[in-house]
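Report on the structure given below.
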Amino acid sequence: MKKPSDSLSMPSQSPSDENARSLRWIKRAAQGCFAAIATGQGLFLTFILAFYYPTTLRGEWAHWNAKPLIDGFKVGDTIGNLFFAMHVLLAAVITAGGVIQLVPAIRIRAPSVHRWIGRIYMVTAMILAVGGLWLVWGRGTYLSTIGAVGISADAVAMLTFAGLAWRSARARNYAQHRRWALRLFAVASAVWFMRVGYMVWGIATGGVGIGPSMDGPFDFFIAFGNSLLPLAIAEAYLRALERPNKVARYGVTALLATSATIVVVGSAGAWFVMWKPFI
Ligand code: HEM
Numbered sequence: 026m027k028k029p030s031d032s033l034s035m036p037s038q039s040p041s042d043e044n045a046r047s048l049r050w051i052k053r054a055a056q057g058c059f060a061a062i063a064t065g066q067g068l069f070l071t072f073i074l075a076f077y078y079p080t081t082l083r084g085e086w087a088h089w090n091a092k093p094l095i096d097g098f099k100v101g102d103t104i105g106n107l108f109f110a111m112h113v114l115l116a117a118v119i120t121a122g123g124v125i126q127l128v129p130a131i132r133i134r135a136p137s138v139h140r141w142i143g144r145i146y147m148v149t150a151m152i153l154a155v156g157g158l159w160l161v162w163g164r165g166t167y168l169s170t171i172g173a174v175g176i177s178a179d180a181v182a183m184l185t186f187a188g189l190a191w192r193s194a195r196a197r198n199y200a201q202h203r204r205w206a207l208r209l210f211a212v213a214s215a216v217w218f219m220r221v222g223y224m225v226w227g228i229a230t231g232g233v234g235i236g237p238s239m240d241g242p243f244d245f246f247i248a249f250g251n252s253l254l255p256l257a258i259a260e261a262y263l264r265a266l267e268r269p270n271k272v273a274r275y276g277v278t279a280l281l282a283t284s285a286t287i288v289v290v291g292s293a294g295a296w297f298v299m300w301k302p303f304i
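Residue 26 is where the sequence shown starts when you use the working numbering, and the numbers rise one by one after that.
Below, the structure written as structure tokens:
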């Protein structure tokens, strides 16, 4: 039986209060996670602009190989080198574009900017996906078949999600568009996430399961995990937002907070090990 003092001491929370509170938490965690991703991708962008832009635009393509790559520049392979040049130039466009697109203030205050960057982002995603597929299967730039299949699956997801994000935007179905655009961002960030993932794993385990030719168990896991993990987290976030289930919302809040921590550690590692030494 309820004691009279119960209702006097603490006002009991109604389910709607609790839902509103869990919604606030998940949104805060999403903002924190986005800030971590934006910072990490900002470091990747800095590296691309400082290392690949000067060498590519000045025609000093042989200098790409100052960094360890699978193929990079190859003497006599004009088509392959051209594809690589286009790939690294567009890598900066998609990395900057994705982060800008997710800033709510730009979407709300400058919708025409959002629409134009959105078009550029989706076209760039498609060119990078097709160009990347050619680099892998046409030029033969891969270390393991499983790795090649994993990144190709990511390219197919990029093409599919870009098409669906575009179609829902044209149909003015903005709720659908937002979902497909977030999924596109998740899979288009896979190559960046792979670098972050390698760094965190290396720091945490000393590199257990990483093979000499990227053919160990961790390499196979990350070949698909680089797109499937961010996609699963984005999906969990979208579902938790839509359904007023506080347990799910707090669970996803914890997941986002953990992801943000992983992104911060991995991005810092990637900056000091993979990017900064070459610029
Ligand atoms: C959309 C996001 C993408 C970005 C931002 C991106 C970025 C980059 C960058 C910066 C490099 C230079 C290598 C380095 O310095 O680490 C590179 C190389 C490469 N990328 Fe991508 N990429 C993307 C998508 C893809 C896709 C979807 C594929 C395959 C289907 C792909 C396949 C390749 C290949 C084969 C190389 C050459 C690696 C080498 O020669 O060592 N990329 N990419």
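We treat Cβ as the ideally placed atom computed from N, Cα and C, and that holds for glycine. Note that this is a predicted model, so its numbers are computed, not measured.
- Here V138 is exposed, its C-beta having fewer than 16 other C-beta atoms within 10 Å.
- For I171, the enclosing alpha helix (DSSP H) covers residues T170 to R195.
- Set against 6 Å, the gap from the CB of L253 to the closest heavy atom of the ligand HEM is not smaller.
- In the DSSP assignment, P79 falls within the alpha helix (DSSP H) that extends over Y78 to L82.
- In this structure, D179 sits near V212, with a CB-CB distance shorter than 7 Å.
- In the three-state DSSP reduction, D96 falls in the coil class, being neither helix nor strand.
- Counting along the chain, N106 sits inside the alpha helix (DSSP H) bounded by residues T103 to Q126.
- Inter-residue distance for S39 and V272 is about 15 Å (C-alpha atoms, whole angstroms).
- Here V290 has V225 as same chain residues with Cβ atoms under 6 Å from its own Cβ, once five neighbours each way along the sequence are excluded.
- Here the alpha carbons of I104 and F297 stand approximately 32 Å from one another.
- Looking only at I125, M151, M239 and V174, the smallest Cα-Cα distance to R140 is reached by I125.
- Apart from the 5 residues on each side of it in sequence, M299 sits with its Cβ closer than 7 Å to the Cβ of R220 in its chain, given in chain order.
- A distance criterion of 6 Å places the beta-carbon of L68 beyond contact range of the ligand HEM, judged by its closest non-hydrogen atom.
- Residue state for E85 is assigned as coil, using DSSP reduced to three classes.
- When the beta-carbon positions are compared, S47 and Y275 come within less than 7 Å of each other.
- For D240, no alpha helix (DSSP H) segment is defined, and its DSSP state is neither H nor E.
- Taking the Cβ of L127 as the reference point, every heavy atom of the ligand HEM lies at 6 Å or farther away.
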